[in-house]
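Heads up: the structure comes next, in structure tokens.
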Amino acid sequence: MITVDMLKTDHEVTVYLTRSTEYLASLGFTEHGLRHASIVSALSQKVLEELSYPERDCELAAIAGYLHDIANMINRYNHGGTGAVMAYTILSRLGMPPEEIALTVSAIGNHEEERGHAVNHVAAALILADKSDVHRTRVTNRDFAKFEIHDRVNYAAKSRQLLIDASQRTVTLEIAIDMDICPVMEYFEIFLSRMVMCRRAADLLKCHFHLVINDNELL
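Counting from 1, one number per residue, gives the positions in the sequence shown under the UniProt record's numbering.
Structure follows, in structure tokens:
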């Protein structure tokens, strides 16, 4: 069976994720390459594992998380839909069965807040994991004077964790923000639609979504 570890050593996948970071960095975007892919992969798997989904579904969530941003090397616009097609060709080449491809590519194709939806449990896990990766290590711009709002919000995030409580059916995103760099309002300015998407993803998993910033529960 295809595993996420196989993808991490696949030359084609590595090249595409590396180029995604390079090309987006030239446009001023935060990091969307190997670091982000690995974090989202692990978090996607964690969400389903802690909610006691089948082991294979947890692995498919990890695979979707690792591949979800692969199409950023082509264009930022509709990178979810384009990435789903790219993932289909890669997973087909590796011999993944259609039933597993269907779950994986539907999750990738639905992770963008502009046009995506939590259409299944793998998609829901990917959405929660992807939108939770806000942290200063994502900032590729090293000139603080030229920071735009996405740089400020990510750089202000000193820590974040996604907590799953299966017994209480809650998914909680906890973030510590340096208020000297970015007020909480700026976080909501760019992340509100993503938090709404997370709430809907948690709903599909029969959970309640909570957002806690600097120990204050906001959602």
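Each residue gets a CB set at the ideal place from its N, CA and C atoms; glycine is no exception.
Beta-carbon proximity check, residue i vs residue j, cutoff 8 Å
| i | j | result |
| --- | --- | --- |
| Ile127 | Ala201 | yes |
| Arg194 | Glu113 | yes |
| Asp57 | Leu43 | no |
| Met86 | Ile70 | yes |
| Val4 | Ser41 | yes |
| Glu186 | Val153 | yes |
| Ala64 | Val122 | yes |
| Ser159 | Ala145 | no |
| Leu17 | Leu34 | yes |
| Tyr23 | Asn72 | yes |
| Ala124 | Leu27 | no |
| Arg136 | Ala157 | yes |
Extent of the continuous beta strand (DSSP E) to which residue i belongs
| i | result |
| --- | --- |
| Asp165 | 157-165 |
| Thr170 | 170-177 |
Host alpha helix (DSSP H) of residue i (start-end)
| i | result |
| --- | --- |
| His208 | No alpha helix (DSSP H) holds His208; the beta strand (DSSP E) holding it covers 208-213. |
| Ala124 | 121-132 |
| Gly65 | 55-67 |
| Ala84 | 79-94 |
| Lys46 | 34-50 |
| Val4 | 4-8 |
| Val184 | 184-204 |
Environment of residue i [buried if 16+ CB atoms lie within 10 Å]
| i | result |
| --- | --- |
| Asn110 | buried |
| Val171 | buried |
| Met6 | exposed |
| His11 | exposed |
| Ala166 | exposed |
| Met197 | buried |
| Val15 | exposed |
Rounded distance between the beta-carbons of residue j and residue i, thought under 8 Å
| i | j | result |
| --- | --- | --- |
| Ile2 | Leu91 | 6 Å |
| Ile190 | Ile164 | So it is not a contact: roughly 25 Å between Cβ atoms. |
| Glu217 | His210 | 6 Å |
| Leu67 | Gly83 | 7 Å |
Bridge partners - residue i, DSSP secondary structure assignment
| i | result |
| --- | --- |
| Asn216 | Ile213 |
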